[in-house]
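Following: one structure in structure tokens, then a few remarks.
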Amino acid sequence: MGKNKFNFKTFHLGNLVQQGVLEKGLEMSHVCSFFSSTQDEIISMYEAETLDSEVLLKWSLLLQYDFFRIYSEHLILYAPKASADKNKGGNLKSVQASQFRKNIYTKGIIDFVLEIMETGEKEAVEIIKEYGIPKSTLNKWKDKYKVST
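Counting with our numbering, you get residues 13 to 161 for the letters of the sequence shown.
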């Protein structure tokens with residue numbers, strides 16, 4: 013939502029929603045009307061770390077922001093990778109899954125990874141190990157976006 017550095021590992025959806033409302037300058041009465049809810053119910057949503065998917069979809073529509081993308085990017089960065097032993101069977105599903113992952117990195121993830129490298133928060137080796145991003149992919153990003161490490 014804002015220009016602040018975002019932590020994809022841990023995030024508080026209610027705070028992000030509240031930040032979006034403030035950035036858009038929406039009145040509480042408008043939000044209450046949109047959700048057919050009371051002010052107390054809206055405030056409890058702001059305080060909730062997680063939100064029901066139906067509620068999150070409504071927030072995404074109201075604020076014109078894809079909150080589900082945050083979960084997708086979290087999964088891309090932190091979901092455990094399939095072990096090599098499971099994929100040795102050569103079944104079609106594992107081939108399709110690996111093809112699906114090929115172009116899955118969004119600009120937000122690329123920016124996040126390059127920023128933690130640039131600031132020295134993590135080295136390339138740590139990023140490769142922790143996030144499972146291939147070394148060649150990381151090098152392509154560094155070349156394409158002219159990042160010095």
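From the three backbone atoms N, C-alpha and C, an ideal C-beta is built for every residue, glycine too.
Subject >> Rounded C-alpha distance that separates residue 145 from residue 61 >> reply: 28 Å
**OP:** Select from 120, 78, 30, 72 the residue whose C-alpha is nearest the C-alpha of residue 157.
**Re:** 120
Subject >> Sub-8 Å separation of residue 80 and residue 63 beta-carbons >> reply: no
Original post:
Cα-Cα, which of 151, 77, 147, 153 is closest to residue 30?
Top reply: 77
Original post:
How would you write the range of the alpha helix (DSSP H) that residue 42 sits in, first residue to last?
Top reply: 40-47
**OP:** Express the C-alpha separation of residue 137 and residue 149 in angstroms, rounding to a whole number.
**Re:** 13 Å
Original post:
When DSSP labels each residue in this structure, what does residue 136 get in the three-state scheme?
Top reply: helix
Original post:
Would you call residue 139 buried or exposed, if buried means 16 or more other Cβ atoms sit within 10 Å of its Cβ?
Top reply: buried
**OP:** Please classify residue 31: does DSSP put it in a helix, a strand, or coil?
**Re:** Three-state DSSP puts residue 31 in a helix.
Original post:
Do residue 116 and residue 82 have their CB atoms nearer than 8 Å?
Top reply: no
Original post:
Cα-Cα, which of 75, 23, 24 is closest to residue 34?
Top reply: 75
Original post:
At which residues does the alpha helix (DSSP H) containing residue 51 begin and terminate?
Top reply: 51-59
Original post:
For residue 24, which residues of its own chain have a beta-carbon under 6 Å away from its beta-carbon, when the five flanking residues on both sides are left out?
Top reply: If we look at residue 24 and ignore the five residues flanking it on each side, its Cβ neighbours are 61.
Original post:
Should residue 73 be labelled buried (16 or more other beta-carbon atoms within 10 Å of its own) or exposed?
Top reply: exposed
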